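Notes to accompany the following structure.
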Amino acid sequence: MPLLFSFGVIMRSNDNGLRTEREMPVGFLLCLHFVFIILQGIWLGGISDPVVRITLSKILQVLACLLPVVFYRYSGAPATIKRKLRINCMPAFPMFFISLAVMCGALLINVKLCELLSRFGVSYSVGGMELLPGVGGLVFALFMYVLLPAVCEELFFRYALLQSLGGGLYAVIISALCFSLMHFNLFGSIYTFVTGLVLGCTAIATGSLILPVLLHGSMNGLALLLSYLAVKLDAPMYLQVESIIWSVVFLGGVVFAVFTLLNFNRQQNELVNLEKNTDEPAERRNTLTILVPIIYIVAVAVWNLIRMIL
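Each number in my numbering corresponds to the 1-based position in the sequence shown with 340 added.
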């Protein structure tokens, strides 16, 4: 399988119209990431100390994300983000709240679907954060659960992977699928997939990772806050507080979005055009470039099932 992973490439036209291959194949990036995912699941199973377990887990996650990024840049890939979709870019401040509202809306839908499944006897868990007591525990959690994932995951999924796949609609969808599966949470997959789509679109719209990192960190920060509330409150009260927090963020973002889009539409005829941006050089994907991400998705899905069974 690693040999198969090492093949998918992006074909790019140069100024003379000739096809050239990108030096760093997308399959290599995915294979390297998958290896560290497997190591994390196998290596950390017998560690009882929470500080050691969390630290080693995050170290492996950082390596899983940053090593592919380093190899991608070493291959001569540009540091900029290609904007292959014509997404008319509104100011960053309203875009932040609109994106936050979409992600919170997806989270609320995800929670309601899980609650519906529970009525039919399907037990579910959306995961949680392992917390340590005291101010030191809070600082540790902010670094491990908010800062590190936001920076490292965005560098891998919204820079290296998204750009290796061409930076277009196909790349946004596939990178969002990989992002969702990487979280190993079947019942949270709708939310993480929509989040991946939103973060990919904001990266392309702005041509930068700053907004995706801020969005990612904000959602993780809210999740961390709710994790601390879960310890302090009983179950009925916690569910009410959780619903209120996500609903307030969602409704606030929707209101902000309405006023922003009304003003935005006076200046622009369309918000999103899914056609190629003709200002970017033409690219085409060969068969292996399409198959390799699919193989990765299947492999991670199988690994998810194995973890659930064991």
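Positions of the beta carbon are idealized from the N, C-alpha and C atoms, including for glycine. All figures in this text were calculated on a predicted structure; none of them were measured in a lab.
*Do the CB positions of residue 543 and residue 498 come within less than 8 Å of each other?*
Walking along the sequence shown from the start, residue 543 turns up at place 203. Walking along the sequence shown from the start, residue 498 turns up at place 158. Yes; because the gap between Cβ atoms is below 8 Å, this pair is in contact.
Report the option in 507, 369 and 577 whose CA atom is closest to the CA atom of residue 546. Residue 546 sits at position 206 when you count from the first residue of the sequence shown. Among 507, 369 and 577, the Cα nearest to that of residue 546 belongs to 507.
Looking only at its chain, what residues have a beta carbon closer than 7 Å to the beta carbon of residue 412, apart from the 5 residues adjacent to it on each side?
Your numbering for residue 412 matches position 72 in the sequence shown. Excluding sequence neighbours, residue 412 sits near 364, 369, 500 and 504.
Quiz item: Could you check where the alpha helix (DSSP H) with residue 498 kicks off and where it finishes?
Solution: Reading the sequence shown from its first residue, position 158 is the one you call residue 498. First-last for residue 498: undefined, no H or E at that position.
Just to confirm, are residue 557 and residue 490 a CB contact at a threshold of 8 Å?
For the purposes of this step, residue 557 is taken as the residue at position 217 of the sequence shown. For the purposes of this step, residue 490 is taken as the residue at position 150 of the sequence shown. Going by C-beta atoms, residue 557 is nearer than 8 Å to residue 490.
- request: Enumerate in chain order the residues of its own chain whose CB-to-CB distance from residue 470 is below 7 Å, with the five nearest sequence positions on each side excluded.
  value: Here residue 470 refers to the residue found at position 130 of the sequence shown. Cβ neighbours of residue 470 beyond the five flanking positions: 390 and 394.
Run the proximity test for residue 480: is its beta-carbon closer than 7 Å to any non-hydrogen atom belonging to the ligand GTP? This structure lacks the ligand GTP, and indeed carries no ligand of any kind.
Report task. Would you check if the distance between the CB atom of residue 534 and the CB atom of residue 443 is smaller than 8 Å? Result -> As a first step, residue 534 must be located in the sequence shown, where it is residue number 194. As a first step, residue 443 must be located in the sequence shown, where it is residue number 103. In this structure, residue 443 lies closer than 8 Å to residue 534 by Cβ.
Taking residue 560 as part of the alpha helix (DSSP H), name the residues at either end of that continuous run. Taking the first residue of the sequence shown as position 1, residue 560 is located at position 220. Residues 550-572.
- Item | Environment of residue 342 [buried if 16+ CB atoms lie within 10 Å] | Walking along the sequence shown from the start, residue 342 turns up at place 2. Its pLDDT being 38, under 50, residue 342 is placed unreliably by the model, and nothing is read from it.
Relative to the alpha-carbon of residue 409, which residue among 496, 485 and 387 has its alpha-carbon at the smallest distance?
Numbered from 1 along the sequence shown, position 69 holds the residue referred to as residue 409. Among 496, 485 and 387, the Cα nearest to that of residue 409 belongs to 496.
Beta-carbon proximity list for residue 532, same chain, < 6 Å, skipping 5 on both sides:
Along the sequence shown, one-based indexing puts residue 532 at 192. These residues qualify, in order along the chain: 520 and 523.
Tell me the residue span of the alpha helix (DSSP H) that contains residue 397. As a position in the sequence shown, residue 397 is number 57, starting the count at 1. From DSSP, the alpha helix (DSSP H) with residue 397 extends over 390-414.
Could you tell me how far apart the beta carbons of residue 480 and residue 488 are, in whole angstroms, since I believe they sit closer than 8 Å? Numbered from its first residue, the sequence shown carries residue 480 at position 140. Numbered from its first residue, the sequence shown carries residue 488 at position 148. Not confirmed; about 11 Å, so no contact.
**OP:** Find the nearest neighbour of residue 600 within the set 418, 400, 374 and 436, judged by alpha-carbon distance.
**Re:** As a working note, residue 600 is residue 260 in the sequence shown. Of the listed residues, the one whose Cα sits closest to residue 600 is 436.
Sub-8 Å separation of residue 441 and residue 594 beta-carbons:
Against the sequence shown, residue 441 aligns to sequence position 101. Against the sequence shown, residue 594 aligns to sequence position 254. Contact: yes.
Would you kindly work out how many angstroms separate the C-alpha atoms of residue 590 and residue 373, rounded to a whole number? Taking the sequence shown and counting its residues from 1, one reaches residue 590 at position 250. Taking the sequence shown and counting its residues from 1, one reaches residue 373 at position 33. Rounded to whole angstroms, residue 590 to residue 373 spans 33 Å at the Cα level.
Query - For residue 450, the three-state DSSP class (helix, strand or coil) - result: Translated into positions along the sequence shown, residue 450 becomes position 110. Of the three classes helix, strand and coil, the one that applies to residue 450 here is helix, per DSSP.
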